[in-house]
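Under my numbering, the letters of the sequence shown match residues 5 to 368, in that order.
Yeah, the Cβ is synthetic: ideal placement off N, Cα and C, and Gly gets one too.
Worksheet: one structure, shown below.
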Amino acid sequence: MGKIIKKTAIVLAIVLGALVLLCGGYALYVVIQYHRIEDKLPLTAENNEKAAVPAGEELSALSYNIGFGAYEPSFSFFMDSGTMKSGEKVRGRYAKAKDRATAEKNTAGAAALAAEQNADFYLFQEVDTSGTRSRGVNQYAALTETFADYSRTFAVNFHSAFLLYPFNDPIGKNDSGVATFSAYRIESAERRQYPVDTGFNKFFDLDRCFSVHRLPTDNGKQLVLVNSHMSAYDEGGLIRQKQLALLNEVLAAEYAAGNYVVVGGDFNHALAGSIDAFPTEQEIPEWVFELVDGDLAEGFSFAAATNAPTCRSTDMPYRKGVNYTVVLDGFIVSDNVETVKTENIDNDFAFSDHQPAKLVFRLK
């Protein structure tokens, strides 16, 4: 009996030791793979157009977070949890798109929906170039095919090591960014690094950025077009406050230089008083904070619509009137830019957990 116990103990010790080595080795791999992307990184404008942006004419821009191709209406995301007004707790299930065909279908659908708007500028967020979560679909390549005649840039938002969590459906290794398309010439562009969490959450809510594009206008000035994607998983909103401070610093400098400024993107804040604007059977999520004009640098204001929400809760599959919805996507404009019209394109979240936000504007 003693020998059996001894052998069992040895086997258990070996197994435990192997598990410790595996876990330690994996943790070391994640830490070694992790690094911050360079700030003020120059971006190359591909297929650059020659025409300058016309001042005084109506122009349009569309911002769309395409959700890495996973978010068909039945999709819920494992990192998100929420509370129904009944008190029931809900949590998302999945880490990646159902399959490659689904990711391709959603990417193609999002691109087609955007193209229908015939905008002069397109600002896309959560665009994967390679990733487990998007089943290897290069979404930037797909968007480039749709908007082949546009100048374009791509700024890497984040890249991650292979993340084994959740264990039953690992989110894996992913490279994602923000893609910008312009019908006019991009003189120069750069990627700016947002401040991010430096704690453990940095391995899950990774780098965030905004890309800054300088476009010549026909009156000798510059249009500064910014594509922004702020953090989402930020308890208390402290990281987002730092991110907004950096964005405001950049906006103030461009305004002081006499430039036109238009910022589009996913702000991960409730815009235009939309925090409780739409019917829902869910409580307002704890992470939702509001942004108003007073939070912006002097001379700037939000241009956001409330005809339809632009983001749905992802702690459960989408059901209209049940999920919490809000406007997180829209635009910021300087006061030398006239807002002609804002509109959110409602398609019942068919291809993403976000819907496009459109701005029609004029450079004064």
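query, result
"Measure how close the beta-carbons of V267 and I190 come, nearest whole angstrom, since I'm counting them as under 8 Å.", "Contact flag wrong, Cβ pair sits at about 16 Å."
"Indicate the three-state DSSP secondary structure (helix, strand or coil) for F72 in the structure shown.", "helix"
"To the nearest angstrom, report how far apart A145 and A17 are at their CA atoms.", "50 Å"
"Could you tell me which of K362, S356, V364 and R366 sits nearest to P77, measuring between CA atoms?", "S356"
"Going by Cα to Cα distance, which pick from A159, G277 and P289 is closest to L47?", "A159"
"When the distance is taken between beta carbons, is E287 closer than 8 Å to G96?", "no"
"Would the region 49-59 count as touching the region 323-339 if we require 3 or more Cβ pairs under 8 Å?", "no"
"Please classify V15: does DSSP put it in a helix, a strand, or coil?", "helix"
"For the alpha helix (DSSP H) containing Q245, list its first residue and its last residue.", "L242 to A260"
"Kindly indicate which three-state DSSP category R104 falls into: helix, strand or coil?", "helix"
"How far does the beta strand (DSSP E) with A361 in it extend, from its first residue to its last?", "A361 to L367"
"Taking 7 Å as the limit between beta carbons, can you name the residues of its chain near A99, skipping five residues before and five after?", "F82, R137, P170, D173, P174 and I175"
"Starting from the Cα of N122, find the closest Cα among L66, G325, N142 and G91 and give me that residue.", "L66"
"Where DSSP assigns a beta bridge to V344, which residues make up the other side?", "BP columns for V344 are empty, so no partner."
"Examine the Cβ distances between the region 185-199 and the region 220-233 and report whether three or more of them are shorter than 8 Å.", "yes"
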